[in-house]
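Those protein sequences? They're chains P and C, same order as listed. Residue numbers for the first sequence follow my numbering, beginning at 903 and rising by one. Residue numbers for the second sequence follow my numbering, beginning at 320 and rising by one. First comes the structure, then the notes that go with it.
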Amino acid sequence: MTVPDEYTSELHDVEEAEHAEEALHGRPFELAAVRSRSGLLPDLVRDRLGFASLIFLVLLILSAIFGPMILDIDPNAGNLSNAMQPPVWHGGSWDHIFGTDWQGYDVLSRLLAGARTSLIIGVLVVLFAGTFGVLIGLWAGYKGGRTDRWLMGWVDVQVSFPGLLLAMLLIALVGGSVASITFILAVNGWMVYGRMTRGVVLSVKERPFVEAAEIIGCKPKRVVFTHILPNLVTPLATLAVLEFARIILAEAALSFLGLGIQYPGVSWGLDISRAGDHELFGNQWLIIYPGVLLSLTVLAVNLLSSWLRVALDPQEREKKFAAAAIGSGKGAA
Amino acid sequence: MGRYIARRLGQGLVVIFGVTIFVFVITRLIGDPVKFMLPLSATPEQREARRAAMGLDDGILTQFFRFIGDLLRLDLGESTYVRGQSALSVVFDYLPRTLQLVALGMIFAVVLSIPLGVLASRKPGGITDRILTTLSLIGLSMPQFFLGFMLLIAFTVKLQWFETGPGPWTTNLVLPAVCLALPAIGRLSIVVRSSMIDEMNTQYVKVAKAKGMTQRRIMGVHALRNAGIPYVTLLGWEIIRALAGYTVVVESVFNWPGLGFMAKTAIKNQDFYLIQAIVFVIAVIVVLLNIVIDIAYKVLDPRVDLQ
């Protein structure tokens, strides 16, 4: 979308003129945030949903790290005489704050262990797939020619594979553990980074500052890593956050199908599947706890990424605020 | 155009061939179908004999060339899980139910995502927009299997409006289709919204406004048509992703006996031949769909050059 020009013929129409005036009125205020470069945090606080997401994720990460240390209950320590304890707010004991399930497992400790699994796999896969994809993309984009065609051909072929099916097969082969799932999801998910990196490299490569670096005799390595790579930070950050959400969902889906994390591992997807098999007609909260946590995590990551996309890209900001200003007048943003 | 399609079909063959070989190698490494075929009481000698009869103790290269030969005659072997049927015929027994599920789900997705996206784009940043955008995000953030259980608890366990398992579509297919559609509705309506906003700021819309065309006509006829171009591509991807993955999850939540359900069963029972046949058929469908999407893109947008 192009930013509307304030001095167009629209001004002949009285209503349109009012609109435009409101738009003008709203924009400089909003754009001030871009200009002042007051830092990302104040901007994030203003975006209420984005800020709430950040708080949620920080809390989740902290409880995934420290929760199991404080709680100190083995999530796989089942005791059938202790099964189906109600949570504290329904008259349960403080020994099992969220109660226990039909096997006597402590619900809260399983939720925390599941958070650990999801976050670890999400971070590692983004790290591995991202690094590999970026390297391939840099190589393909900078070399061009035959290298580019071969590498992008590889990407195309792998993209057209039915991903989840092959991931299921591979996990059936090597068994479901955090390490194997990380590896398989990374093998399955690096292509997006490759494509995006190559696109950015191609558009940046012809720009004067890259040519200048080449002319003064920078080696290709230096050109790629110190001159081209920094241009990738913004799109990569957004993509990585989005991919993080997708990976968490993929791990949960695999574990749900019984082809991901296996006992004694703990995963939200696995717990939803266990509870779904066993308690669909019984205590449905056992399905709802891990399901809601998983949904909220993915939602928070998605909200954060949509804030990040706008915050890191001045063009997007302009787009958002201009659209908002025109659409709703003074109530912009 | 003809040359383009020929080239894409050639690429597609490479993909199908690649996937098939990949799956051949993986299935040979996974384990031993004989373990599941014979009763637990079978002696090691009996197992050995069955393995020899199936040609499983030949060298991997011998097996591979036999496999390629059979593949060229479209003989993908006999399923070991569904006894006495060729793997391909099992696939074609189960495929229709998956296609019904995907079709109904995508109908829901199209019927809902376009009006919702247009509605949200009418006042960007307005209250309707913000509610709809948040709902879309919630829809696409919920894992499908959890969504499925929520639908089951609400409509099957509590209200008892719908049933699960195989059965007539009015009672048994609606819930799985809704479950398959909801995340797609979220993703698609966001796309409709943003491309509508883009279109509404173009010169041709200003001209239409200037000559006094009604908002309804501008949005419904002119802008929507151009906004439809990215939409068709994304809808195609949704169909592909549903066929090659999401149906596995949805079918196992709702016990809908389609191909996805069968894929999970085949993997768990180490039925090599059935796994190969399923992946082969899905790869063929995916490749063809990809070509159809590209052609549709070209037909809808004459500016696109397919070379």
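Glycine residues also receive a C-beta, built at the ideal position from the N, C-alpha and C atoms. As the structure is a prediction and not an experimental result, all values here were calculated from the model.
Where residue i meets chain P, residues with beta-carbon distance less than 7 Å
i      : result
F465/C : I1174, G1193, L1196, S1197
K583/C : L1159
G564/C : P1064, G1065, L1066, L1067
G337/C : V1059
M461/C : S1197
N609/C : S1062
V342/C : L1071
L456/C : L1201, N1204, L1205
Residue i - partner residues in DSSP beta bridges
i       : result
E482/C  : Looking at the DSSP assignment, E482/C forms no beta bridge with any residue, so it has no partner.
T1002/P : D1008/P
E397/C  : S405/C
N- and C-terminal bounds of the alpha helix (DSSP H) containing residue i
i       : result
T566/C  : 566–573
S1035/P : In the sequence as presented, Ser is not what sits at residue 1035/P; that position holds Gly. 1009–1045 is the span of the alpha helix (DSSP H), which, as asked, contains G1035/P.
R1100/P : 1093–1107
P434/C  : 406–441
M1070/P : 1065–1076
M469/C  : 463–470
M581/C  : 578–587
R950/P  : 950–973
R506/C  : 493–519
Y1191/P : 1187–1214
S455/C  : 446–460
G388/C  : 379–391
Supposed close pair residue i, residue j - CB separation, criterion 8 Å
i       : j       : result
V1125/P : G1039/P : Not quite, the Cβ-Cβ distance comes to about 15 Å (not below 8 Å), so this is no contact.
A492/C  : L420/C  : Correcting the residue identity first, residue 492/C is Leu in this sequence and not Ala. Correct: roughly 6 Å between the Cβ atoms.
L1151/P : V1112/P : Not confirmed; about 37 Å, so no contact.
G555/C  : I612/C  : 4 Å
I558/C  : M581/C  : That pair is no contact at about 19 Å.
L1156/P : A1069/P : 6 Å
L1172/P : G1162/P : 7 Å
V524/C  : I537/C  : 6 Å
F474/C  : L494/C  : 6 Å
L962/P  : A1017/P : 6 Å
L471/C  : L1159/P : Contact flag wrong, Cβ pair sits at about 17 Å.
S1079/P : G1167/P : 7 Å
S398/C  : D590/C  : 6 Å
L1066/P : G564/C  : 3 Å
L593/C  : A585/C  : 4 Å
Buried or exposed (CB count within 10 angstroms, at least 16 for buried), residue i
i       : result
T1002/P : buried
Q315/C  : The question about residue 315/C has no answer, for chain C in this structure spans 320 to 626.
W1170/P : buried
W488/C  : exposed
L1071/P : buried
G1096/P : buried
V410/C  : buried
N574/C  : exposed
Q365/C  : exposed
M320/C  : exposed
V526/C  : exposed
V606/C  : buried
T1084/P : buried
A561/C  : buried
I1149/P : buried
K583/C  : buried
A1227/P : Annotation note: pLDDT 48 at A1227/P (below 50); position unreliable, coordinate value reported separately. Buried is the call here.
L1010/P : buried
Q1060/P : buried
S1208/P : buried
G1032/P : buried
W1092/P : buried
Interface residues of chain C facing residue i [CB-CB closer than 7 Å]
i       : result
F1146/P : Correct list: empty, because the minimum Cβ distance to chain C is about 12 Å.
N1090/P : Simply none; closest approach about 11 Å.
M1070/P : I586
Q1186/P : I472
E1151/P : Residue identity differs from the one stated: residue 1151/P is Leu in this sequence, not Glu. Result: P462.
R1006/P : The sequence shown places Gly at residue 1006/P, rather than the Arg named in the question. Going along chain C, no residue has its Cβ under 7 Å from G1006/P, so there is no contact; the nearest lies around 22 Å.
Proximal chain C residues relative to residue i, where beta-carbon distance stays under 8 Å
i       : result
L1182/P : F468, L471, I472, V476
V1028/P : Result: empty, since nearest Cβ-Cβ is about 17 Å, beyond 8 Å.
9 Å Cβ cut-off: residues of chain C touching residue i
i       : result
I1189/P : F465, F468, M469, I472
A1155/P : P462, Q463, F464, G564, Y565, V567, V568
G1162/P : Near G1162/P there are no residues of chain C at all, since even the closest Cβ is about 12 Å away, more than 9 Å.
V1200/P : L459, S460, M461, P462
Per-residue contacts from residue i into chain P (C-beta, under 8 Å)
i      : result
V510/C : Here the premise fails: no neighbours, minimum Cβ distance about 14 Å.
V334/C : V1059, S1062, F1063
Contacts of residue i in chain P (Cβ-Cβ under 9 Å)
i      : result
V410/C : Correct list: empty, because the minimum Cβ distance to chain P is about 13 Å.
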